[in-house]
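Asks: Mind looking over this structure? Questions follow.
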Amino acid sequence: MDASLIFAQFMSGLSRGMMLFLIASGLSLIFGVMNILNFAHATFWLVGAYLCYSFWYLLQDHSFGMWLSIPLAALSLAAIGWIIEMVLIRRVYKRELPEQLLLTYALVLVLGDLIKIVWGVEDKLIERPPLVASPVFIFGMPFDSYFIFVILVGFVVAIGLWWFLKKTRYGHIVRAAVFSREMVSALGIPIPRIYTGIFVLGIFIAGLAGAVQAPVGSITLGMDMAVVIQAFCVVVIGGFGSLLGTFVAAIIVGEVYAFSILFWPQGALVLIFIVTAFILIIRPWGLFGTPDRT
Amino acid sequence: MKFKMTIVVCVFVLLGGFPFASNCLAGEAYHLGVDLAITGTGALYCKDGVDAIKLAVEEINAKGGFLGEHPIKLFIRDSHTKPDVAVREAKDLILREKVRAILGTYSSACAVAIKPVAQEYKVLHIPAISNSENITKVNFSPYTYQVVPNSYMQAKAVVLGVAELAKKKGWTEYVTIASDYEWGRSTQNNTVALLKQLAPELKLKKEFWPRLGETQFTSYITAIMAQKPDFVIGSVASKDNIAWMKQAKAYGFFDKIPYPGSLISVSELIVQSKGLTRGLIGLCRAPFFAHLDVPMMADFVKNFRAKYDRYPSDWAVMEYDAVYVLKQGVEKAGSIDTEKVKDALKGATVDTTRGQLSFREIDNQLSCSSYIGVVADDPAYPFPIYHDLVEVKGPDSWRPEAEIVEARAK
Numbered sequence: 008m009d010a011s012l013i014f015a016q017f018m019s020g021l022s023r024g025m026m027l028f029l030i031a032s033g034l035s036l037i038f039g040v041m042n043i044l045n046f047a048h049a050t051f052w053l054v055g056a057y058l059c060y061s062f063w064y065l066l067q068d069h070s071f072g073m074w075l076s077i078p079l080a081a082l083s084l085a086a087i088g089w090i091i092e093m094v095l096i097r098r099v100y101k102r103e104l105p106e107q108l109l110l111t112y113a114l115v116l117v118l119g120d121l122i123k124i125v126w127g128v129e130d131k132l133i134e135r136p137p138l139v140a141s142p143v144f145i146f147g148m149p150f151d152s153y154f155i156f157v158i159l160v161g162f163v164v165a166i167g168l169w170w171f172l173k174k175t176r177y178g179h180i181v182r183a184a185v186f187s188r189e190m191v192s193a194l195g196i197p198i199p200r201i202y203t204g205i206f207v208l209g210i211f212i213a214g215l216a217g218a219v220q221a222p223v224g225s226i227t228l229g230m231d232m233a234v235v236i237q238a239f240c241v242v243v244i245g246g247f248g249s250l251l252g253t254f255v256a257a258i259i260v261g262e263v264y265a266f267s268i269l270f271w272p273q274g275a276l277v278l279i280f281i282v283t284a285f286i287l288i289i290r291p292w293g294l295f296g297t298p299d300r301t
Numbered sequence: 339m340k341f342k343m344t345i346v347v348c349v350f351v352l353l354g355g356f357p358f359a360s361n362c363l364a365g366e367a368y369h370l371g372v373d374l375a376i377t378g379t380g381a382l383y384c385k386d387g388v389d390a391i392k393l394a395v396e397e398i399n400a401k402g403g404f405l406g407e408h409p410i411k412l413f414i415r416d417s418h419t420k421p422d423v424a425v426r427e428a429k430d431l432i433l434r435e436k437v438r439a440i441l442g443t444y445s446s447a448c449a450v451a452i453k454p455v456a457q458e459y460k461v462l463h464i465p466a467i468s469n470s471e472n473i474t475k476v477n478f479s480p481y482t483y484q485v486v487p488n489s490y491m492q493a494k495a496v497v498l499g500v501a502e503l504a505k506k507k508g509w510t511e512y513v514t515i516a517s518d519y520e521w522g523r524s525t526q527n528n529t530v531a532l533l534k535q536l537a538p539e540l541k542l543k544k545e546f547w548p549r550l551g552e553t554q555f556t557s558y559i560t561a562i563m564a565q566k567p568d569f570v571i572g573s574v575a576s577k578d579n580i581a582w583m584k585q586a587k588a589y590g591f592f593d594k595i596p597y598p599g600s601l602i603s604v605s606e607l608i609v610q611s612k613g614l615t616r617g618l619i620g621l622c623r624a625p626f627f628a629h630l631d632v633p634m635m636a637d638f639v640k641n642f643r644a645k646y647d648r649y650p651s652d653w654a655v656m657e658y659d660a661v662y663v664l665k666q667g668v669e670k671a672g673s674i675d676t677e678k679v680k681d682a683l684k685g686a687t688v689d690t691t692r693g694q695l696s697f698r699e700i701d702n703q704l705s706c707s708s709y710i711g712v713v714a715d716d717p718a719y720p721f722p723i724y725h726d727l728v729e730v731k732g733p734d735s736w737r738p739e740a741e742i743v744e745a746r747a748k
């Protein structure tokens with residue numbers, strides 16, 4: 008087995024990891040700051056993919072159609088997220104976890120039915136522009152050029168979130184709110200506005216992830232349920248609320264999956280759940296989480 | 339007085355009681371259940387199936403329904419491509435909606451799960467899309483009829499073609515990729531077993547089993563390329579198949595490794611019309627363009643296009659046939675009584691869009707064909723179709739009866 012093959016498989020795992028990171032980072036961010044376990048996060052991701060399709064459909068005659076559709080879908084979904092936060096989510100901030108889960112699960116069903124009404128039940132397909140339709144060769148091994156873009160988006164989002172949380176004033180407030188909402192509130196900073204901002208940001212990332220996923224295969228109902236478990240695995244391994252943890256865990260899950268396909272294809276998916284169970288046993292708060300967030 | 343009462347009771351029994359005794363009344367609606375994957379992995383195929391069923395029902399109801407006096411009432415349910423949901427919906431269709439037959443299903447796992455339920459409640463079951471041979475081979479139910487070439491028949495068709503190609507091209511090693519569920523496993527296992535028989539010199543290097551619903555195949559693609567096989571055999575369906583083929587094409591996979599005989603149904607030909615690699619050797623179950631010489635097919639395509647403004651896929655063809663098979667069963671039985679229809683269909687010869695075909699008595703499998711061809715553009719259609727189409731007839735490809743008897747004895 009030569010090095011170029013190992014590298015190709017590594018890149019493949021990295022692209023899967025970045026896709027998972029894009030989905031899981033919004034989930035982790037919302038939980039980390041707001042303590043809301045958004046079960047509907049993957050369904051928002053799916054709506055993002057459908058929105059991307061709609062924008063692409065309108066712009067498909069232009070060479071930039073797909074590229075512009077991706078941010079437009081993310082922004083549109085963020086707007087939808089903002090409305091949902093104002094109308095529904097903010098009413099359960101102080102409720103118990105089961106009630107939050109019930110509401111967000113209800114959102115899964117409502118959004119699923121809305122997708123059926125708006126886009127129908129048939130699969131949607133986005134044609135990739137020529138720039139990302141053919142492979143690139145890395146050390147002699149072909150690699151789907153679109154996944155280079157996926158990896159780039161993953162890294163940009165990771166760096167962007169890190170910069171936002173560590174280097175901006177708003178980010179400092181957000182991090183302070185994670186530790187003591189009361190103190191931040193006492194300083195005259197409106198907590199509800201912070202929460203709205205974070206929820207909208209989380210949903211924006213979900214929309215971006217969905218839009219990035221859209222040109223990979225076909226877009227269809229039920230995709231969200233297939234991905235939500237893996238996204239939760241990533242968050243559990245990384246530690247609830249830890250962005251760095253989510254990033255590292257996504258790469259671990261992506262690489263474990265990719266290399267197990269190479270060496271033990273029958274056990275690829277099982278291995279992810281074994282890793283998740285192992286982490287849950289030895290470190291219930293995840294690799295980068297804290298014990299109070301188990 | 340007693341005599342008069344006796345006469346009244348006798349008249350009632352003669353006029354009214356008979357229909358009750360045979361469990362159906364003149365003018366009684368025929369409740370027909372549909373348990374298909376409106377959402378989930380199978381949604382791509384099932385939308386066409388549901389539309390074709392609706393069309394067939396409209397046509398039959400325009401003439402008064404079954405036997406001209408039993409209008410069909412449709413009850414459509416979503417199995418979500420999940421066996422537990424499919425069974426729940428099937429039970430609800432039977433117990434609440436009192437359906438006499440259930441058409442379905444996309445996933446073979448769903449079909450296998452529904453089969454005992456239909457048998458328990460004595461309801462006819464025609465899973466017109468799912469095609470694992472285990473639906474009719476083992477745990478046989480006399481209520482289940484199959485109008486799709488099953489996984490063995492499809493595998494045999496592929497193997498006949500591949501064995502021929504392997505000889506010609508000097509291929510010696512291959513790998514497989516199949517969705518990890520009932521149909522994928524069944525098709526892949528049959529293909530490998532048949533290749534062992536017909537081309538024992540071919541060596542299986544590795545098997546890959548992506549989960550059902552997989553969206554990213556990159557790791558599989560590079561892992562398969564690393565094996566450097568002479569060819570790859572795939573059993574991936576519906577939206578998974580689209581993702582797989584789209585990503586494999588972006589890797590230049592099909593330019594490097596021959597991929598003969600994978601399922602490329604009319605759905606894939608239409609949906610991927612721009613991106614599908616021309617020259618691929620594909621397999622399908624019921625392409626309409628293979629039978630336009632059959633008047634029933636020509637009419638169906640015309641009516642389907644007029645109603646839905648698109649061409650019908652394999653799945654539409656087979657679900658449409660399922661309704662008409664049921665109609666012919668009812669006509670042969672002279673009744674909508676399920677027991678009589680079930681018996682009437684046993685070994686029956688029926689008219690379908692794919693010509694006149696017969697059910698084999700041992701497993702209620704229709705003698706339908708499998709089709710292999712080369713994906714190519716055709717000026718008659720806005721999407722590629724198959725050229726050099728080879729039709730492998732049902733009786734040439736189905737499992738010998740002795741093997742079925744043996745499998746059931748185990």
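Going down the list, the protein sequences come from chains A and B.
Mapping of the first sequence onto the numbering used here: position 188 corresponds to residue 195, and the numbering continues sequentially without gaps.
Mapping of the second sequence onto the numbering used here: position 103 corresponds to residue 441, and the numbering continues sequentially without gaps.
Backbone N, C-alpha and C fix where the C-beta goes; we use that ideal spot for every residue, glycine too.
A quick note: this is a predicted structure, and the numbers were derived from the prediction, not measured.
If the criterion is Cβ atoms closer than 8 Å, does the pair Trp-89/A and Thr-203/A meet it?
Replies: yes
Asks: Taking only three categories from DSSP, how would you classify Phe-71/A?
Replies: coil
Asks: Grab the span of the alpha helix (DSSP H) containing Cys-59/A for me, first residue to last.
Replies: 48 to 66
Asks: Would you mind telling me which residues of chain B sit closer than 9 Å to Phe-154/A, beta carbon to beta carbon, in chain order?
Replies: Listed along the chain, the chain B residues whose CB falls inside 9 Å of the CB of Phe-154/A are Gln-554, Thr-556, Gln-585 and Ala-588.
Asks: Would you list the one or two residues that DSSP bridges to Thr-514/B?
Replies: Glu-545/B and Ile-571/B
Asks: For Ile-347/A, which residues in the same chain have their Cβ closer than 7 Å to its Cβ, ignoring the five residues on either side in sequence?
Replies: What is shown of chain A runs 8 to 301, which leaves residue 347/A out entirely.
Asks: How far does the alpha helix (DSSP H) with Gln-303/A in it reach, from first residue to last?
Replies: Absent from the model: residue 303/A. The displayed extent of chain A is 8 to 301, so no value can be given.
Asks: If you drop the 5 nearest sequence neighbours on each side, which residues of the same chain put their C-beta closer than 7 Å to that of Phe-156/A?
Replies: Val-139
Asks: Taking Cβ-Cβ distances shorter than 8 Å, what residues in chain B pair up with Met-148/A?
Replies: The contacting residues are Thr-560 and Met-563.
Asks: Going along the chain, which residues of the region 26 to 55 of chain A sit with their C-beta nearer than 9 Å to a C-beta in chain B?
Replies: Met-26
Asks: Please state if the CB of Gly-209/A and the CB of Leu-58/A are separated by a distance shorter than 8 Å.
Replies: no
Asks: Got a sec: which bits of the region 71 to 97 of chain A sit with their beta carbon under 7 Å from any beta carbon on chain B, in order along the chain?
Replies: Of all residues in the region 71 to 97 of chain A, none has a Cβ within less than 7 Å of some Cβ in chain B.
Asks: With DSSP as the reference, please indicate the residues paired to Gly-442/B in a beta bridge.
Replies: Asp-373/B and Pro-465/B
Asks: Checking the sheet assignment: what are the DSSP bridge partners for Ala-729/B?
Replies: In the sequence as presented, Ala is not what sits at residue 729/B; that position holds Glu. The partner list for Glu-729/B (beta bridge, DSSP) reads Tyr-709/B.
Asks: Just confirm the distance between the C-beta atoms of Pro-136/A and Pro-142/A, as a whole number of angstroms; I'd bet it's less than 8 Å.
Replies: At roughly 15 Å, the Cβ-Cβ gap does not stay under 8 Å, so Pro-136/A and Pro-142/A are not in contact.
Asks: Going along chain B in order, which residues have a C-beta closer than 7 Å to the C-beta of Leu-159/A?
Replies: Neighbours of Leu-159/A on chain B: none; closest Cβ ~15 Å, over 7 Å.
Asks: For the region 651 to 666 of chain B against the region 610 to 626 of chain B, do three or more pairs of beta-carbon atoms, one drawn from each stretch, fall closer than 8 Å, so that the two count as touching?
Replies: yes
Asks: Is Tyr-64/A close to chain B, meaning its C-beta is less than 8 Å from at least one C-beta of that chain?
Replies: Answer no: the Cβ-Cβ gap between Tyr-64/A and chain B never drops below 8 Å.
Asks: Would you call Val-223/A buried or exposed, if buried means 16 or more other Cβ atoms sit within 10 Å of its Cβ?
Replies: Buried, by the Cβ-count rule.
Asks: Counting only the same chain and skipping the five closest in sequence on each side, list residues whose C-beta sits under 8 Å from that of Ala-359/B.
Replies: Caution applies to Ala-359/B, whose pLDDT of 42 falls short of 50 and renders its modelled position unreliable; the model cannot decide the point.
Asks: Keeping to the same chain, check which residues put their C-beta closer than 6 Å to that of Gly-371/B; ignore five residues upstream and five downstream.
Replies: Phe-413, Leu-431, Val-437 and Ile-440
Asks: Relative to chain A, which residues along the region 604 to 621 of chain B have a C-beta separation below 8 Å, given in chain order?
Replies: Val-609, Gln-610, Lys-612 and Gly-613
Asks: Does any CB atom of chain A fall closer than 8 Å to the CB of Lys-731/B?
Replies: Lys-731/B does not count as touching chain A.
Asks: At 3 residues or longer, what runs of the beta strand (DSSP E) sit wholly inside the region 123 to 164 of chain A?
Replies: 142 to 145 and 148 to 151
Asks: Across the region 496 to 508 of chain B and the region 532 to 551 of chain B, are there enough close Cβ pairs to call them in contact, namely three or more that are closer than 8 Å?
Replies: yes
Asks: For chain A, is any of its Cβ atoms less than 8 Å away from the one on Ala-451/B?
Replies: Any Cβ of chain A closer than 8 Å to the Cβ of Ala-451/B would place that residue at the interface, and such an atom is absent.
Asks: Could you give the distance in angstroms between the alpha-carbon of Ser-61/A and the alpha-carbon of Asp-373/B?
Replies: 30 Å
Asks: With a CB to CB cut of under 7 Å and the five nearest residues on each side skipped, what residues in its chain are close to Leu-110/A?
Replies: Only residues of its own chain outside the window of five on either side were considered, and among them Leu-95 and Val-99 have a CB closer than 7 Å to the CB of Leu-110/A, listed in chain order.
Asks: Within 10 Å of its beta-carbon, does Ser-573/B have 16 or more other beta-carbons around it, so buried, or fewer, so exposed?
Replies: Buried: at least 16 other Cβ atoms inside 10 Å.
Asks: Terminal residues of the continuous beta strand (DSSP E) containing Val-337/B?
Replies: Examination of residue 337/B is not possible in this model, given that chain B is present from 339 through 748 alone.
Asks: Quick one: what's Ala-714/B bridged to in DSSP?
Replies: BP columns for Ala-714/B point to Ile-723/B.
Asks: On the criterion of 16 or more Cβ atoms from any shown chain inside 10 Å, does Arg-737/B qualify as buried, or is it exposed?
Replies: buried
Asks: Return yes when the Cβ of Ile-196/A is within less than 8 Å of the Cβ of Ile-180/A, no when it is not.
Replies: yes
Asks: Since Lys-612/B is in the beta strand (DSSP E), which residue starts that stretch and which ends it?
Replies: Premise fails: Lys-612/B is in no beta strand (DSSP E) and is neither H nor E.
Asks: Suppose contacts are defined by Cβ-Cβ distances below 8 Å. Is Ser-468/B in contact with Tyr-444/B by that definition?
Replies: yes
Asks: Say whether chain A places a C-beta atom closer than 8 Å to the C-beta of Thr-377/B.
Replies: yes
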